[in-house]
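Taking it in order: structure first as structure tokens, then the write-up.
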Amino acid sequence: MCSVHDTVEFEKRGIPSTTIVTAAFRKAADFQFRGKGMEGHPYVVLPHPVSNLQPADMRELTMQFVDEVAGYLKS
Amino acid sequence: MANRLAFVDPSAGGKKETILLAARPSDLVGKVVGLLDNTKEQADIILQTIGEALCERYGVERVVIRRKEHYSKPAAVEIIDEMAAEVDVAIAGLGG
Amino acid sequence: MNEQVDEFEFFLEKDWSDGLPVVTPTEERIARMLTGTKRPPDEVIGPIPPAMEIATVESVAVHALMAGCKPGYLPVVIAATEMMLRDEFNVNGVQGTMHGVAPMMIVNGPYAEEIGIHGGNGCMGPGFRANAAIGRAIRLILMNLGAGIPGVSSMTIFGMPSRYTYCLAENMEDHPWDSLAVSKGYRPDENVITMAMVESPRFCFDDVSDEPDRLLNGVADTMVAMGSWNMHTRSDMVVAMGPQHAAICANAGMSRADVHSRLCEIAGRKVGDLKNGGNWRRERALAFPIDVDPDDDDSFIPAIKDPQDLQLIVAGGWGPCTAVCHGWSGGSRAVHGSYQV
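Chains as they are written, first to last, in our numbering: chain B, 1 to 75; chain F, 76 to 171; chain D, 172 to 512.
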């Protein structure tokens, strides 16, 4: 999927990058990273689905993953 | 004697180039974070939340948010190039 | 140790298999298949997403062969492969989507008839080699070269029967109007393919109407399900009128353009109704390329947001039925083009 593509393009340009996907697309993300030469690249997996969450709940869920995101962007 | 297959196997799957990880900074203090929104439902809230939290918790100086044309298409090269020139790290979402 | 390889088991066990046996690709069969085109075997057609393996004339020929094509079908398969790689068709998105849409091929022009692409009774299958094999060749290319494999790179929830194969012609013998290709500006003697990312059809049966108003009301109703992405995004749709239904419209003096614009006009639902189920979201309505008021329960949401998104054809056998094929949410625009034999 295309957020993976975008992350790979950033990495190619020397910009540390990660992707956020929902759990139903984990295999597709793994496949895409592998196919683009970045097998095992760390990315964030949110539980699926999120599309029916209200904004406040979406924010609360997202906050649980902030440290993980930061961890993938710094050494 | 090796057994010679009498047919052609057209299965795909050649060797792919390996891309090296970009060097990571030791921390995010004073850094500019790029957020690439692919317009999928909730992507905007997720990325905005992460952006704000990174500023608060990790000392990120500012965030740059760009939106793609459509969630199922890769970002235009121009968007990636422009962001890469402006940001130190980037997050792309929402896949799926 | 020499071992016998069962050729059918060999290919059935591939993760890109569609679950059915293939015609074993031997050098001799490949050479014979390549006689179906004047183009050089090493000519590059393009990378098939998401795996981006390069399709060449030869590799397309191999997939056509495996699918059961005759050499004469090859020009259609090559042309369709090229066409589906256009940006606006968005194969990359469809290969990974949760949806089950497939690239439906509508083949117009004299060559389709010459090689036996069927547009009459049973044209959506099974039973017609050209329809079955040409559509299947495209699917094998998508699964092998593109690696559009369910559970690996494709998150399709159900898949869809039309993902096995989806290719037909119009029923020109009983067609009261011009073909889809002619309506798009091609000459009748041009060989043309139109491809649209759509679902398997749902049928609108109507053996009661004897005039177009009521008939088209029923067809329009079949175009507007709450759970259809056509109501919630800009999306293509194929409406395949059986010749009996088309005749009711034509006999009442309606042209193809009249039927097309009538369906665009009446197929839709009010906001107040759409809110009650399915994919309704206010933000989706605000993103339409047309003006609607998502806060007004009486605002009318048409299924077709742009007239060029409705592919109206006449196909199938004689009987009181029209087939409606809904579209995708992810931004795919139908493509069309002429091809050389």
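Just so you know, even glycine gets a beta-carbon here, dropped at the ideal spot from N, CA and C.
query	result
DSSP three-state call for Asp-112/F: helix, strand or coil?	strand
Please confirm whether Asp-407/D and Asp-360/D have their CB atoms less than 8 Å apart.	no
Between the Cα of Gly-217/D and those of Gly-290/D, Arg-452/D, Ala-250/D, spot the shortest distance and give me the residue it belongs to.	Ala-250/D
Could you name the residues that DSSP lists as bridge partners for Pro-473/D?	Gly-439/D
Go through its chain and collect everything with a Cβ distance to Arg-310/D's Cβ below 7 Å, but skip five positions before and after it.	Asp-189, Arg-334, Tyr-335, Thr-336
Quick check: the Cα distance between Gln-54/B and Val-272/D, rounded to an integer number of angstroms?	29 Å
Would Gln-266/D and Pro-332/D be called neighbours here (beta carbons separated by less than 8 Å)?	no
Quick one: Cα of Val-152/F to Cα of Leu-129/F, how far?	26 Å
How would you label Asn-447/D, buried or exposed, when you count the other beta carbons within 10 angstroms and need 16 or more for buried?	exposed
Under the three-state reduction of DSSP, which class applies to Met-402/D: helix, strand or coil?	helix
Keeping to the same chain, check which residues put their C-beta closer than 6 Å to that of Ala-23/B; ignore five residues upstream and five downstream.	Val-45, Pro-47, His-48
For a cutoff of 8 Å on Cβ pairs, would you count Ser-12/B as touching chain D?	Position check: residue 12/B holds Lys in this sequence, whereas Ser was assumed. No, its Cβ sits nowhere closer than 8 Å to a Cβ of chain D.
Spell out whether any CB of chain F is found under 8 Å from the CB atom of Phe-179/D.	no
Report yes or no: do three or more beta-carbon pairs, one from the region 439-446 of chain D and one from the region 384-404 of chain D, lie closer than 8 Å?	yes
Can you check which of these residues, Met-402/D, Ser-426/D, Thr-206/D, is closest to Ser-500/D by C-alpha distance?	Met-402/D
Please list the partners that Val-233/D has in chain F, where partner means a Cβ-to-Cβ separation under 9 Å.	Val-83, Pro-85
Could you tell me the alpha carbon to alpha carbon distance between Glu-284/D and Ile-219/D, rounded to whole angstroms?	29 Å
Does the beta carbon of Ala-143/F come closer than 8 Å to any beta carbon on chain D?	Inspection of the sequence shows that residue 143/F is occupied by Lys rather than by Ala. With 8 Å as the cut-off, Lys-143/F does not count as an interface residue toward chain D.
Using Cβ-Cβ distances below 7 Å, what residues of the region 17-36 of chain B are close to chain D?	Ala-24, Phe-25, Lys-27, Ala-28, Phe-31, Gln-32, Gly-35
Pull up the distance between the alpha-carbon of Gln-503/D and that of Trp-400/D, whole angstroms please.	Note that residue 503/D corresponds to Ser in the displayed sequence, not to Gln. Going by the C-alpha atoms only, they are around 12 Å apart.
What's the C-alpha gap between Phe-374/D and Pro-491/D?	10 Å
Keeping to the same chain, check which residues put their C-beta closer than 6 Å to that of Ser-470/D; ignore five residues upstream and five downstream.	Val-442, Val-463, Asp-464
Bridge partners for Arg-137/F per DSSP, in chain order?	Val-107/F
Taking DSSP as the reference, what is the three-state secondary structure of Cys-278/D?	Going by the sequence as given, residue 278/D is Val instead of Cys. DSSP places Val-278/D in strand when its eight states are reduced to three.
Please determine, among Arg-26/B, Lys-74/B, Asn-52/B, the residue with the shortest C-alpha to C-alpha distance to Val-135/F.	Lys-74/B
Would you give the residue range spanned by the alpha helix (DSSP H) that Glu-60/B belongs to?	55-63
Measure from the C-beta of Asn-78/F to each C-beta in chain B and report whether the shortest distance is under 8 Å.	A caution first: Asn-78/F carries a pLDDT of 43, below 50, which makes its placement in the model too unreliable to give a value.
Chain B partners of Asp-92/F, CB-CB under 7 Å?	The residue you asked about is not Asp; residue 92/F is Glu in the sequence shown. In chain order: Gly-37.
Indicate whether Ala-304/D and Gly-239/D have their beta-carbon atoms separated by less than 8 Å.	yes
DSSP three-state label for Arg-99/F, please.	coil
Along the chain, where does the beta strand (DSSP E) containing Phe-179/D start, and where does it finish?	Here Phe-179/D belongs to no beta strand (DSSP E); instead the alpha helix (DSSP H) covers 178-183.
Per DSSP, Glu-224/D is paired with what?	Ile-219/D
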